[in-house]
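Asks: Residues in the sequence shown are numbered consecutively from 91, following our numbering. Just passing along the structure, written as structure tokens.
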Amino acid sequence: MPMTPHVEQHFTAGEAVRDVVIGMSDGLTVPFALAAGLSSAVAATHVVVTAGLAEVAAGCIAMGLGGYLAARSDAEHYASERTREEREIVDVPEAEATEVRDVLTSFGLTPEEAAPVVAALRTRPEAWRDFMMRFELGLEEPDPRRALRSAATIGASYVVGGMVPLLPYFFTSTVTEALRISVIVTSIALLVFGFVKAGFTGTPRVRGAVQTFLIGGIAAAAAFLIARVVA
């Protein structure tokens, strides 16, 4: 009987999706709250547009820089830990061998079953180091291009999300009308974004959509009320 090859399909774009989620969620929420707040305090749409674009630009740079620094920090941490493991394999090999044995027995192997694996790793320092990095420290080697890619993805996602609540102010003559359209458009965008995001994270889609919508709505309502009180 012919055998059908077993092919496993795993989702491998987790980091990219995380960056999009970070940028888009803040982009939809912060400029929306700013625009709503300004709409209760000013009467000219161009003021909201100017302030909104400035915020989107600043937010894009800040979020992108934050993503870059976070990814760089991960890479530097990995390099530091790898150097430490390489040094310990040379300086204290018996202690490291014991740690390998402990890791293997934590997966259910007996000391007798773990012994040949420990012996094999001791003859291959690089594999030994990689084993310790992965199974003792839980660290995966980061992509060297990750920092720039993360910064670009987060920044671009912030701009895309941030333009959604601002677009109505470009094409309407009154702040009241623009705010009404912005609320409708951004609410739909928040619901769709939360729905799609939930599909990637495994959260129930309806719950994810509602949660994202509520967070953005609460932020905008708070900004609107504060601006109304202050003004």
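C-beta atoms are modelled at their ideal positions from N, C-alpha and C, and glycine is treated no differently.
Classify S115 as buried or exposed, calling it buried when 16 or more other Cβ atoms lie within 10 Å of its own Cβ.
Replies: So S115 ends up on the buried side.
Asks: Who are the Cβ neighbours of A204 in its own chain at under 7 Å, not counting the five residues just before and after it?
Replies: Cβ within range, chain order: R191, L194, T195.
Asks: Identify whether P234 lies in helix, strand or coil by the three-state DSSP scheme.
Replies: Three-state DSSP puts P234 in coil, outside helix and strand.
Asks: Tell me the start and end of each unbroken alpha helix (DSSP H) in the stretch 239-288 that is at least 4 residues and wholly inside, in chain order.
Replies: Listed in chain order, nothing qualifies, since the stretch 239-288 has no complete alpha helix (DSSP H) run of 4 or more residues.
Asks: Unbroken beta strand (DSSP E) runs of length 3 or more, entirely within the stretch 177-230: which are they?
Replies: You should have found no qualifying run.
Asks: Do G157 and G113 come within 9 Å of each other at the CB atom, strictly closer than that value?
Replies: Contact: yes.
Asks: Check the C-beta distance from S129 over to V138 and give it rounded, since I have them as a contact under 8 Å.
Replies: Rounded, the Cβ-Cβ distance is 6 Å, consistent with contact.
Asks: Run through the stretch 121-182 for me and flag every whole alpha helix (DSSP H) of 4 or more residues, listed as ranges in chain order.
Replies: As far as the stretch 121-182 is concerned, its whole alpha helix (DSSP H) runs of at least 4 residues are 135-181.
Asks: Of the residues E226, E186, R239, which one's Cα is nearest the Cα of P215?
Replies: Residue E186 is the option with its Cα nearest to P215.
Asks: Compare the Cα-Cα distances from S272 to each of L257, I179, L281 and report the closest residue.
Replies: If we check each option's Cα against that of S272, L257 comes out closest.
Asks: To the nearest angstrom, report how far apart R172 and M222 are at their CA atoms.
Replies: For R172 and M222, the distance between alpha carbons rounds to 9 Å.
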